[in-house]
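Working notes, structure below.
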Amino acid sequence: MISVENLSKQYGATTVVDGVSMVIERNSITVIVGTSGSGKSTLLRMINRLIEPTRGRVLIDGHDTTGEPAHLLRRRIGYAIQGHGLFPHRTVAENIATVPRLLGWDEARIRARVEELLLVFQLDPGAYAGAFPHQLSGGQQQRVGVARALAAEPAVLLMDEPFGALDPIIRAKAQDDLLDIQRRFGTTIVLVTHDMDEAFRLGDHVAVMSHGRLLQYDRPAVLLTRPADPFVSRMTGVSDRAMRLLSLTTAGEAALPGVSEGPAVAAAASLREVLSELLWRGADSAVVMDADGTRRGYLTIAAILERGRPG
Amino acid sequence: MPGMAAILRLAALALLLGFLLMPQSFAPLFTPLTQYGAPPIYDQGNLLTLALAHLGVVCCAAAASTLVAVGLGILVTRPSGAQFLPLSRTLVNIGQTFPPVAVLAVTVPLVGFGEKPTLIALFAYGLLPIFENTIVGLQTCPPQVLEAASGMGMSARQRLLSVELPLALPLILEGIRLSLVINVGTATIGSTVAAKGLGEVIIAGLLSNNNAFILQGGLVTGLMAILLYDALAGLERRICRTAHLE
Ligand SMILES: Nc1ncnc2c1ncn2[C@@H]1O[C@H](COP(=O)(O)OP(=O)(O)OP(=O)(O)O)[C@@H](O)[C@H]1O
Ligand SMILES: [Mg+2]
């Protein structure tokens with residue numbers, strides 16, 4: 670758990686982050702959104718003390734982060750940034766091994782961990798361990814960047830627009846991978862993005878910032894249905910908020926008990942996807958199937974539309 | 027064309043070594059430049075010894091310049107040393123603009139004749155290219171790479187040694203190469219203050235009005251400069267290739 674307490678950063682007379690307090694739950698993904706220059710990166714970097722706050726403090730699992738030298742703190746916190754920042758003169762394996770080396774792991778353990786991560790990120794160790802960053806595609810570089818951030822099994826991972834440079838298809842894939850990894854390692858992730866779709870797709874909680882202040886910090890559905898500020902509605906988008914809301918619920922969560930006619934849809938699909946499928950097929954209802962092929966229940970268009978309204 | 031370059035390189039090396047090891051066999055070539063039966067080949071000392079002494083002084087000076095210029099370059103690119111950048115730059119620039127001959131004139135009264143004043147003059151003259159290249163190399167490290175290095179938990183020292191210096195290495199090497207090559211030529215002035223070197227041959231030529239000596243001194247110095255430049259450029263390329271820094 671990360672507690673951010675009344676955190677502020679001033680440069681001269683300008684306040685870049687202004688009294689932000691928030692509690693980030695363990696094993697969750699928190700996404701920070703906001704316009705350019707609203708202080709998102711500054712807030713993120715104060716968590717691992719790449720930037721020292723002017724006021725306030727950060728506690729990780731109850732311990733004040735100022736209790737140890739900043740570089741030692743950072744070895745326990747993963748950090749991935751836009752444009753990956755891989756070391757160009759080091760191989761993929763050496764890049765990933767950076768933090769384990771700093772922590773003094775023995776070579777066998779480092780090798781095993783590098784191999785494990787390459788496999789998790791779908792990079793064949795035989796082909797890629799010895800490659801240099803410039804020999805990889807943008808998507809591969811980005812995956813190595815995240816693998817490097819996760820190498821020493823940090824409990825907390827900070828990501829600053831990690832997928833900003835990727836094209837939409839690779840980005841969607843990277844987001845899916847991140848969700849998998851979060852589930853697999855139980856990492857607490859704080860991610861900064863400009864992309865509201867990304868925020869709604871990944872965030873268990875979303876924080877909206879403007880001019881250095883935290884306007885609202887809540888679950889994505891609450892941001893849509895009960896925005897604390899007109900800026901929050903503008904940020905989350907008014908024109909397609911009903912569809913956004915539908916995208917936050919899965920078919921499995923909304924399935925009604927019983928049987929019905931209609932096309933089969935996956936329990937993991939969002940209501941938005943199910944609605945689109947029904948419109949496309951001209952059907953009124955769908956059968957919700959679990960991944961193992963058992964019936965979970967059914968959904969009707971009316972039941973789906975019900976969920977696209979606030980309150 | 028690498029084939030052509032290799033042939034030229036070998037030819038230059040063969041010419042240099044041949045002349046230094048068996049200067050007398052080149053006598054017929056130089057005789058037309060002499061008058062009144064003067065010796066066609068420098069005869070007041072061993073050319074090979076002079077060339078090695080010359081190279082020795084240049085390399086010692088370059089080692090000292092490298093140590094100081096790289097150290098200073100590192101210092102002024104740290105947040106704590108940034109305030110010294112203008113001062114360091116001024117000092118290093120003075121080292122370059124103050125003529126080496128003038129440095130000799132100033133230092134001889136202090137340290138006496140011989141190698142020492144030459145070393146000091148070459149040291150001061152060779153600082154600038156290494157210093158400037160070190161600064162550019164360190165300042166042009168990609169900011170994201172540096173941020174990642176700090177974000178991973180490298181200390182300032184670890185970041186410098188394992189990221190910044192390796193990334194700046196190609197430019198630093200280039201600076202050292204420029205400095206060395208400039209000083210191979212400049213070192214000839216050392217002979218005016220009795221340092222052993224190839225300047226001796228040229229000065230002897232000037233004093234006795236023997237064009238053959240002047241040409242020999244110039245030729246050996248020039249060939250050494252070219253070969254050194256070429257060898258160091260090759261070494262740089264190899265280091266950069268193995269470190270994937272192109
Ligand atoms: N070292 C600094 N000195 C002065 N001002 C700074 C400094 N660093 C950042 N700022 C200012 O602080 C503000 C917030 O910067 P920050 O990088 O946190 O914004 P951001 O929300 O991440 O923006 P973006 O979405 O463009 O990345 C900006 O207006 C920026 O100009
Ligand atoms: Mg930012």
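Chains Y and D, in that order, give the protein sequences.
Heads up: the first sequence runs through residues 670 to 980, numbered per my numbering.
Heads up: the second sequence runs through residues 27 to 272, numbered per my numbering.
Cβ coordinates follow ideal geometry from the N, Cα and C atoms, glycine included.
* Relative to the C-alpha of D/S234, which residue among D/Y62, D/S188, D/A194 is closest? -> D/Y62
* For the putative contact between Y/V928 and Y/V957, defined by C-beta atoms under 8 Å, what is the C-beta separation to the nearest angstrom? -> Their Cβ separation, rounded to whole angstroms, is 11 Å, which puts Y/V928 and Y/V957 out of contact at 8 Å.
* To the nearest angstrom, how far is it from the Cα of D/L76 to the Cα of D/A221? -> 10 Å
* In terms of alpha-carbon separation, which member of Y/G752, Y/Q751, Y/S705, Y/V783 lies closest to Y/E763? -> Y/V783
* Asked: Ends of the beta strand (DSSP E) at Y/D849?
  -> Segment 837-854 is the alpha helix (DSSP H) holding Y/D849; no beta strand (DSSP E) there.
* From Y/D864, Y/M691, Y/V907, Y/D730, residue whose alpha carbon lies closest to that of Y/P837 -> Y/D864
* Asked: Among residues of its own chain, excluding the 5 on either side of D/M180, which ones have a beta-carbon nearer than 8 Å to its beta-carbon?
  -> S188, V189
* Between the CA atoms of D/L93 and D/C266 - distance to the nearest angstrom -> 21 Å
* Looking at Y/T969 and Y/A938, is the spacing between their C-beta atoms short of 9 Å? -> no
* Taking only the alpha-carbon atoms, compute the straight-line gap between Y/A781 and Y/S705 and give it to the nearest angstrom. => 40 Å
* Quick one: is the Cβ of Y/V689 within less than 8 Å of any heavy atom of ligand 1? -> no
* To do: Pull up the CB-CB distance for Y/R941 and Y/L915, whole angstroms please, since I reckon it's below 8 Å.
  => 4 Å
* D/V189 beta carbon near ligand 3 (any heavy atom closer than 8 Å) -> Ligand 3 is not among the ligands present in this structure, which contains only ligand 1 and ligand 2.
* Within the present structure, is the beta-carbon of Y/K1021 separated from the nearest heavy atom of ligand 2 by less than 8 Å? -> A question about residue 1021 of chain Y goes unanswered here, because the residues of chain Y that appear run from 670 up to 980.
* Could you tell me which residues DSSP puts in a beta bridge with Y/G653? => Here chain Y covers residues 670 to 980 and nothing more, so residue 653 of chain Y does not appear.
* **Proximal residues of chain D, C-beta to C-beta of Y/T767 below 7 Å** => M178
* Asked: Any C-beta of chain Y sitting closer than 9 Å to the C-beta of D/A251?
  -> no
* Give the single residue among Y/G799, Y/G731, Y/Q811, Y/G931 whose Cα lies nearest to the Cα of Y/R950. => Y/G931
* To do: Could you check if Y/D829 is buried or exposed, using at least 16 other CB atoms within 10 Å of its CB as the buried criterion?
  => buried
* Listed from N- to C-terminal order along the chain, which residues in the region 706-723 of chain Y have their beta-carbon within a distance smaller than 7 Å of any beta-carbon of chain D? -> N717, L719
* Give the straight-line distance between the Cα atoms of Y/I716 and Y/V727, rounded to the nearest whole angstrom. => 6 Å
* **Listed by chain order, chain D residues near Y/R744 by CB distance under 8 Å** => M178, G179
* Identity of the residue in D/G231, D/L41, D/M178 nearest D/D69 by Cα -> D/G231
* Asked: With distances taken between CB atoms, is the gap from Y/L917 to Y/P889 smaller than 9 Å?
  -> yes
* To do: Rank Y/R870, Y/L871, Y/T905 by C-alpha distance to the C-alpha of Y/Q885 and give the top, closest one.
  => Y/T905
* **Segment limits, alpha helix (DSSP H) that includes Y/R809** => According to the sequence shown, residue 809 of chain Y is Gln rather than Arg. 807-819 is the span of the alpha helix (DSSP H), which, as asked, contains Y/Q809.
* Range of the contiguous beta strand (DSSP E) that encloses Y/G754 -> Taken as a continuous stretch (DSSP letters only), Y/G754 belongs to no beta strand (DSSP E), as it is neither H nor E.
* Would you say D/P192 faces chain Y, with C-beta separation under 9 Å as the test? -> yes
* What first and last residue would you give for the beta strand (DSSP E) that runs through Y/A933? -> 933-935
* Asked: In chain Y, which residues lie less than 8 Å from D/V171 when you measure between Cβ atoms?
  -> G754, L755, F756, P757
* 8 Å contact criterion, which Y/V702 and Y/A868 should meet: CB distance rounded -> 5 Å
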